[in-house]
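Everything below concerns the one structure shown next.
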Amino acid sequence: MSTEAHAIQSTGEAPVAAPETKSMSIIVTKGSLDWAYPPFILATTAAAMGVPVTMFFTFYGLPLLLKDLDLKLTAAGNPAMKMPMMGMHMGLPNLLTAIPGVDAACSKMMKNLMNKKGVASIEDLRELAVDAEVRMIACQMTMDLFEYSLDDMIEGPELGGAATYIECATQADINLFI
Amino acid sequence: MADHTLDAKGLNCPLPILKARKALKEVPSGGTLEILATDPGSVADFEAFCRQTGNELVEHSQNDSVYRFLIKHTAA
Chain A
15 MSTEAHAIQS TGEAPVAAPE TKSMSIIVTK GSLDWAYPPF ILATTAAAMG VPVTMFFTFY
75 GLPLLLKDLD LKLTAAGNPA MKMPMMGMHM GLPNLLTAIP GVDAACSKMM KNLMNKKGVA
135 SIEDLRELAV DAEVRMIACQ MTMDLFEYSL DDMIEGPELG GAATYIECAT QADINLFI
Chain B
231 MADHTLDAKG LNCPLPILKA RKALKEVPSG GTLEILATDP GSVADFEAFC RQTGNELVEH
291 SQNDSVYRFL IKHTAA
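These protein sequences, in sequence, are chains A and B.
If you read the first sequence in the working numbering, its first letter stands for residue 15, the second for the next number, and so on.
If you read the second sequence in the working numbering, its first letter stands for residue 231, the second for the next number, and so on.
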């Protein structure tokens with residue numbers, strides 16, 4: 015962080031880091047099972063390494079704050095998604111991914127695979143993030159757009175908009191958009 | 231002999247680090263935490279974790295597929 019950035023006086027709620035403490039912000043824009051991992055892995059790990067983290071949940075990232083998660087992924091248009099099946103790694107032709115039930119089956123397989131490999135669930139990582147006092151901001155505009163209320167969400171997120179995020183970002187050393 | 235031992239075998243990134251952080255909080259300053267893990271990525275990750283947090287990675291070793299780390303709680 016530059017000295018100029020340190021000199022900025024916060025008038026809002028954003029946590030002001032001590033001079034030598036690095037901080038991080040993440041804009042979370044995607045809500046599929048696979049895309050949910052990077053922000054929560056990085057947020058929890060940074061927090062564990064003493065880096066204060068703010069996550070800003072917007073558009074399809076916002077549903078990641080819902081109390082009940084049933085995250086899914088889609089194999090359509092994703093040639094890199096190959097699953098271990100029948101002793102090899104298989105991808106699905108796009109045409110097959112359009113068949114009803116295929117995405118649900120792929121999602122279930124992925125969750126089983128993750129469980130088998132000792133990968134944490136998003137629910138667990140999210141709880142760890144809350145425990146680690148990761149600051150979570152729910153995008154007010156997206157709340158209105160998709161007609162969510164804070165009652166639908168887990169305990170912890172605050173409401174905010176672009177200016178809330180920008181204020182945080184000007185004080186952070188690492189700003190990620192995922 | 232370490233003051234505390236954390237069994238993180240079978241856990242994948244970033245769980246060994248997250249659990250180690252939690253366990254370190256229970257270790258008094260100057261005490262040691264032993265971590266057992268099977269994630270090959272944990273070798274680089276515990277080195278980075280210790281550099282960043284100011285805790286000392288006293289030693290790490292490997293026995294078959296199990297990695298052992300000994301961290302001294304030296305951070306404030």
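We treat Cβ as the ideally placed atom computed from N, Cα and C, and that holds for glycine.
Note that this is a predicted model, so its numbers are computed, not measured.
Checklist line | Three or more C-beta pairs below 8 Å linking the segment 232-242 of chain B and the segment 167-186 of chain A | finding: Too few Cβ pairs lie closer than 8 Å, so no.
Next item on the list: Could you list the residues in the segment 126-150 of chain A with a C-beta less than 7 Å from some C-beta on chain B, going in chain order?
Entry: Lys-131, Gly-132, Val-133, Ala-134, Leu-142: these are the residues of the segment 126-150 of chain A whose beta carbon lies less than 7 Å from some beta carbon of chain B, given in chain order.
Check: If the cut is a Cβ gap below 7 Å, which residues of chain A does Arg-251 (chain B) touch?
Finding: Residue numbering aside, residue 251 (chain B) sits at position 21 when the second sequence is read from its first letter. For Arg-251 (chain B), the chain A residues whose C-beta falls within less than 7 Å of its own C-beta are Ala-62, listed in chain order.
Next item on the list: Residues of the segment 40-55 of chain A with a CB closer than 7 Å to any CB of chain B: list them in chain order, please.
Entry: The segment 40-55 of chain A vs chain B, Cβ under 7 Å: Ile-55.
Item checked: the segment 92-100 of chain A / the segment 59-77 of chain A touching (three or more Cβ pairs under 8 Å) -> With a cut-off of 8 Å, the segment 59-77 of chain A and the segment 92-100 of chain A do not count as touching, because too few Cβ pairs lie within range.
Next item on the list: Tell me the start and end of each unbroken alpha helix (DSSP H) in the segment 73-113 of chain A that is at least 4 residues and wholly inside, in chain order.
Entry: With a minimum length of 4 residues, the continuous alpha helix (DSSP H) runs that stay inside the segment 73-113 of chain A are 108-111.
Check: Does Phe-279 (chain B) have its Cβ less than 9 Å from a Cβ in chain A?
Finding: As a working mapping, residue 279 (chain B) is identified with position 49 in the second sequence. Yes, contact with chain A.
Next item on the list: Round the Cβ separation of Leu-263 (chain B) and Val-257 (chain B) to the nearest angstrom and send it over; I've been treating them as touching at under 8 Å.
Entry: Translated into the one-based positions of the second sequence, residue 263 (chain B) becomes position 33. Translated into the one-based positions of the second sequence, residue 257 (chain B) becomes position 27. Correct: roughly 5 Å between the Cβ atoms.
Check: Does the beta-carbon of Gln-292 (chain B) have 16 or more other beta-carbons within 10 angstroms, so that it is buried, or is it exposed?
Finding: Position 62 of the second sequence, counted from the start, is the residue given in the question as residue 292 (chain B). Flag for Gln-292 (chain B) reads exposed.
Next item on the list: Can you have a look at Phe-299 (chain B) and say buried or exposed, based on whether 16 or more other CB atoms are within 10 angstroms of its CB?
Entry: Here the question's residue 299 (chain B) lines up with position 69 in the second sequence. Counting of Cβ neighbours within 10 angstroms places Phe-299 (chain B) among the buried residues, the total reaching 16 or more.
Note to self: Run through the DSSP bridge pairs and tell me what Leu-300 (chain B) is partnered with.
What the structure shows: What you label residue 300 (chain B) is simply residue 70 of the second sequence in a count that begins at 1. Beta bridge pairing from DSSP links Leu-300 (chain B) with B:Glu-264, B:Glu-289.
Margin query: On the CB-based measure, 16 or more other CB atoms within 10 Å of its CB, does Ser-37 (chain A) come out buried or exposed?
Written below: Indexing the first sequence from 1 puts residue 37 (chain A) at position 23. In this structure Ser-37 (chain A) is buried. Its beta-carbon is surrounded by 16 or more other beta-carbon atoms within 10 angstroms.
Check: Can you list the residues of chain A that Pro-283 (chain B) reaches, using a CB-CB cut of under 9 Å?
Finding: As a first step, residue 283 (chain B) must be located in the second sequence, where it is residue number 53. It should be pointed out that residue 283 (chain B) corresponds to Thr in this sequence rather than to Pro. Ordered by position in chain A, the residues that pass the 9 Å Cβ test against Thr-283 (chain B) are Ala-62, Met-63, Gly-64.
Check: Quick one: what's got a C-beta closer than 8 Å to Ser-39 (chain A)'s C-beta in the same chain, skipping five residues either side?
Finding: Counted from its first residue, the first sequence places residue 39 (chain A) at position 25. The answer, listed in chain order, is Val-67, Thr-68, Met-69, Phe-70, Tyr-179, Cys-182, Ala-183, Ala-186, Ile-188, Asn-189, Leu-190.
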